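These notes are about the structure you will find just below.
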Amino acid sequence: MTTVLEATGVRKSFGSHEVLRGIDLEVEAGETVVILGPSGSGKSTFLRCINLLESPDGGRILVGGRDVGFDVRGERLHELSAVEVARRRRAIGMVFQQFNLFPHMTALENVIEGPVGVKGEKRSDAVARATALLAQVGLSGREKSYPRQLSGGQQQRVAIARALAMQPTLMLFDEPTSALDPELVGEVLLAMRGLAEGGLTMVVVTHEISFAREAADRVVFMDDGLVVEQGRPEQVIDAPQHERTRAFLARFL
Ligand code: ADP
Ligand code: MG
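Adding 159 to a residue's 1-based position in the sequence shown gives its number in the working numbering.
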């Protein structure tokens, strides 16, 4: 087994507020890990540390796999060159609550922008792959649509294809369906489930318990800057060991 993510003792404070108090998490290649936890527990901050959008105060984050391994040992981002940060970040795809597509570009142009503009891939190769990726997320025939012509669920699926186009070692999703109208949530989760079944390595922060149950190999419950418990979805969701996990899950019953 290849370990794609190895986070050990990750700490992060904002001022005197200790938001991450020593997070340990390992993710193997091909695994889908769902992180559950109350608002404010540090889930986004943890993903942002993995993606070098925040610099951890302590601990260690390794992102390996393929040929783009890197090692952050409590390094401050400002000690890394911009080129180095960009190189490391490229190994990781991130999908946010807000899709942030380029409004003046079609779906296809949004997806090929990174491969062509950043990686210098041949346009015809990038177009072929982008077309396949859009098909994979259920958007065949929408290549030429502009974001304003697409529903929120379709836009989020373009954003997922755009992240995948960079061929990341690891994909991070931070509440990807939280900004969507309820009737559009299912199509995005369905696309994500397809990716999980296809063997993509994914860490997904979501409140969609049914997605966690059906798509996750492992569920991690975070509270107050710590991993409280983790295990198979049926263990954590149906037979939680900790009171805090039970109290959190009770809201969804
Ligand atoms: P979650 O994603 O689990 O809701 P977050 O990681 O967004 O939690 O936030 C955890 C805590 O850290 C919250 O109390 C939030 O207000 C605080 N926080 C997050 N980012 C910052 C920041 N840039 N500056 C100050 N406080 C922050
Ligand atoms: Mg969050």
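Yeah, the Cβ is synthetic: ideal placement off N, Cα and C, and Gly gets one too. A quick note: this is a predicted structure, and the numbers were derived from the prediction, not measured.
Tell me the DSSP bridge mates of Gln-295?
As DSSP reads the structure, Gln-295 sits in no beta bridge.
Quick one: is Ile-251 near chain B, going by C-beta distance under 8 Å?
Chain labels in this structure do not include chain B; a single protein chain is all it has.
For Lys-281, does the three-state DSSP call read helix, strand or coil?
In this structure, Lys-281 counts as coil in the three-state DSSP scheme.
Below 8 Å on the Cβ atoms is my contact criterion, and I expect Val-244 with Thr-204 to pass it. Report the Cβ-Cβ distance as a whole number of Å.
Their Cβ separation, rounded to whole angstroms, is 18 Å, which puts Val-244 and Thr-204 out of contact at 8 Å.
Beta strand (DSSP E) segment containing Glu-185, residue limits:
Per DSSP, Glu-185 belongs to the beta strand (DSSP E) from 176-187.
Just the C-alpha distance for Val-317 and Leu-164, rounded to the nearest angstrom, thanks.
For Val-317 and Leu-164, the distance between alpha carbons rounds to 25 Å.
Relative to the C-alpha of Gly-199, which residue among Phe-380, Arg-321 and Asp-397 is closest?
Minimum Cα distance to Gly-199 is reached at Phe-380.
With a CB to CB cut of under 8 Å and the five nearest residues on each side skipped, what residues in its chain are close to Asp-226?
Confidence at Asp-226 is low in this model, with a pLDDT of 39, below 50, so the placement of that residue is unreliable and no value is reported for it.
For ligand 1, which residues have a Cβ under 6 Å from at least one heavy atom, in chain order?
Going down the chain, each residue whose beta-carbon is closer than 6 Å to a heavy atom of ligand 1 shows up: Phe-173, Val-178, Gly-196, Ser-198, Gly-199, Ser-200, Gly-201, Lys-202, Ser-203 and Thr-204.
Beta strand (DSSP E) runs contained entirely in the region 319-351, provided each spans 3 or more residues
DSSP runs (the beta strand (DSSP E)) wholly in the region 319-351: 329-333.
Which word fits Gly-224, buried or exposed, when buried means at least 16 other C-beta atoms lie within 10 angstroms of its C-beta?
Residue placement at Gly-224 cannot be trusted, given a pLDDT of 46 that sits under 50; the coordinates are not used to answer.
Comparing the CB of Asp-333 with every heavy atom of ligand 2, is any distance shorter than 7 Å?
With a cut-off of 7 Å, the C-beta of Asp-333 is classified as near ligand 2, since at least one heavy atom of the ligand falls inside that distance.
Residues bridged to Arg-405 [DSSP beta-bridge criterion]
DSSP output for Arg-405 lists no bridge partner at all.
Taking the straight line between their C-alpha atoms, what separation do you get for Ala-166 and Gly-358?
Rounded to the nearest angstrom, the two C-alpha atoms are 21 Å apart.
Which residue comes first and which comes last in the beta strand (DSSP E) that contains Ile-194?
Element bounds for Ile-194: 191-195.
Going along the chain, which residues of its own chain have a beta-carbon closer than 6 Å to the beta-carbon of Leu-267, five neighbours each way excluded?
Once the five neighbours on either side are set aside, the close Cβ partners of Leu-267 are Ala-289 and Glu-302.
Can you give me the start and stop residues for the beta strand (DSSP E) that Lys-171 sits inside?
Here the beta strand (DSSP E) through Lys-171 covers 162-173.
For Val-344, which residues in the same chain have their Cβ closer than 8 Å to its Cβ, ignoring the five residues on either side in sequence?
If you ignore the 5 residues before and after Val-344, its C-beta comes within less than 8 Å of the C-beta of Gly-312, Thr-336 and Glu-367, all in its own chain and listed in chain order.
If the criterion is Cβ atoms closer than 8 Å, does the pair Leu-260 and Gln-295 meet it?
Contact: no.
Is the beta carbon of Val-186 closer than 8 Å to that of Val-362?
Yes; because the gap between Cβ atoms is below 8 Å, this pair is in contact.
Please state if the CB of Gly-201 and the CB of Gly-384 are separated by a distance shorter than 8 Å.
Against a cut-off of 8 Å, the Cβ pair of Gly-201 and Gly-384 comes out as a contact.
Among Phe-173, Ile-220, Val-378 and Arg-282, which has the Cα closest to the Cα of Ala-324?
Closest option to Ala-324, Cα to Cα, is Arg-282.
Taking all protein chains shown into account, decide if Pro-262 is buried (16 or more other Cβ within 10 angstroms of its Cβ) or exposed.
Pro-262 should be labelled exposed.
Quick one, which of Val-169, Ser-304 and Glu-190 has its alpha-carbon nearest Met-330's?
Answer by Cα proximity: Glu-190.
Under the three-state reduction of DSSP, which class applies to Glu-243: helix, strand or coil?
Look at Glu-243 here: in three-state DSSP terms it is helix.
Roughly how far, in whole angstroms, is the beta-carbon of Val-364 from the beta-carbon of Phe-332, given that I think they are within contact range, below 8 Å?
Contact between Val-364 and Phe-332 holds: their C-beta atoms lie close to 7 Å from each other, under 8 Å.
Identity of the residues DSSP links to Val-364 by a beta bridge
Bridge partners of Val-364: Ile-194 and Asp-333.
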